[in-house]
Amino acid sequence: MDFNHKTIKDNVAVYIRRMILSGELKPGDRIIPGDIAGRLHISRGPVREALMKLESEGLVRSNPYKGAFVTTMTEKQVNEVCSIRGLLEGYAVDLALPRITPEIIGHFENILIEMDESSKHKDIEGMVNCDIEFHSCLLKSTGHDLLYKIWADTNTTIAALFMTFYSKLNIPLKDVVIRHYGLLDAIKSKNAGKAHEAIVNHYVKMSESYTNLLRENKGELSK
182 MDFNHKTIKD
192 NVAVYIRRMI
202 LSGELKPGDR
212 IIPGDIAGRL
222 HISRGPVREA
232 LMKLESEGLV
242 RSNPYKGAFV
252 TTMTEKQVNE
262 VCSIRGLLEG
272 YAVDLALPRI
282 TPEIIGHFEN
292 ILIEMDESSK
302 HKDIEGMVNC
312 DIEFHSCLLK
322 STGHDLLYKI
332 WADTNTTIAA
342 LFMTFYSKLN
352 IPLKDVVIRH
362 YGLLDAIKSK
372 NAGKAHEAIV
382 NHYVKMSESY
392 TNLLRENKGE
402 LSK
């Protein structure tokens, strides 16, 4: 992999982040800087800097004596990220509905077609990307740049959460697609109350499902 010297830390962070979100590195896995450096033919310094960046995003945790590990999601983290997403997207749908055009609806539909194809092929990374893109389309429709930025800051954590549960706990992927078609129907209705409730309930149910799975599968979310 070729790197621009000025952005080497960021490029390494992108590389490791992709390994985590693709499932190549799983929750609880140790990340060995020397191995990453060897793969990329670079020194260990930028790898350590990249790991610090990923730690600030919540994807990595470090232990002074044991090294860096892929974060294992806790019940508290699941509840926090789902509650903040529900809050932000509930507000976003209120702002977005008056701005939704047929073209935007078409974009939502294309995303869900792609998501459905990913579900048929059990392409978890594709599912996660479509999931993020669907909600990103909603936020972009608000025209509220700061709201979008704040929301986007949670994307890495939510993507890691999706990867963990889709891959390790066998969440029915078709159910995820159906749930998002339900969200789109609520958006199409242009009924602010209905759409707001649908978005908030989406995250309430997600949080409940995931925390239940955590309780039922203790020890299964990490190596």
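First residue of the sequence shown? That's 182 in the working numbering, and the numbers climb one at a time after it.
For every residue, glycine included, the Cβ atom is placed at its ideal position computed from N, Cα and C.
{"Query": "Whole-angstrom C-beta distance between A340 and I359, which should lie under 8 Å", "Result": "No, I359 and A340 are not in contact; Cβ-Cβ is about 20 Å, not under 8 Å."}
{"Query": "Contact check, L206 vs L293, beta carbons under 8 Å", "Result": "no"}
{"Query": "Exposed unless 16 or more other CB atoms sit within 10 angstroms - verdict on I197", "Result": "buried"}
{"Query": "Reference Y384; option with closest CA among L202, R266, K190, R242", "Result": "R266"}
{"Query": "Delimiting residues of the beta strand (DSSP E) encompassing R242", "Result": "241–244"}
{"Query": "Minimum C-alpha distance to P208 - residue among I217, K303, R280, T252", "Result": "T252"}
{"Query": "Residues sharing a beta bridge with F250, DSSP", "Result": "R211, R242"}
{"Query": "Top-ranked residue by Cα proximity to P279, from R396, F250, K355, N372", "Result": "N372"}
{"Query": "Supposed close pair L269, I331 - CB separation, criterion 8 Å", "Result": "7 Å"}
{"Query": "For T282, the nearest candidate out of L394, G204, I368 (CA to CA)", "Result": "I368"}
{"Query": "Residue burial classification, T323 (beta-carbon count within 10 angstroms, cutoff 16)", "Result": "buried"}
{"Query": "8 Å Cβ cutoff met for K303 and L354", "Result": "yes"}
{"Query": "Range covered by the alpha helix (DSSP H) that runs through T170", "Result": "An answer regarding residue 170 cannot be provided, because it is not within the stretch 182 to 404 covered by the chain."}
{"Query": "Sufficient close CB pairs (3 or more, under 8 Å) joining the region 255–266 to the region 385–398", "Result": "yes"}
{"Query": "Entirely enclosed alpha helix (DSSP H) segments - the region 269–348, minimum 4 residues", "Result": "283–301, 305–321, 326–333"}
{"Query": "Whole-Å CB distance - A379 paired with G363, under 8 Å assumed", "Result": "7 Å"}
{"Query": "Helix, strand or coil at G267 [DSSP, three-state]", "Result": "helix"}
{"Query": "CB contact flag (T335, V262, <8 Å)", "Result": "yes"}
{"Query": "8 Å Cβ cutoff met for R229 and G215", "Result": "no"}
{"Query": "As assigned by DSSP and simplified to three states, the class of S370", "Result": "coil"}
{"Query": "Where the alpha helix (DSSP H) containing I197 begins and where it ends", "Result": "189–202"}
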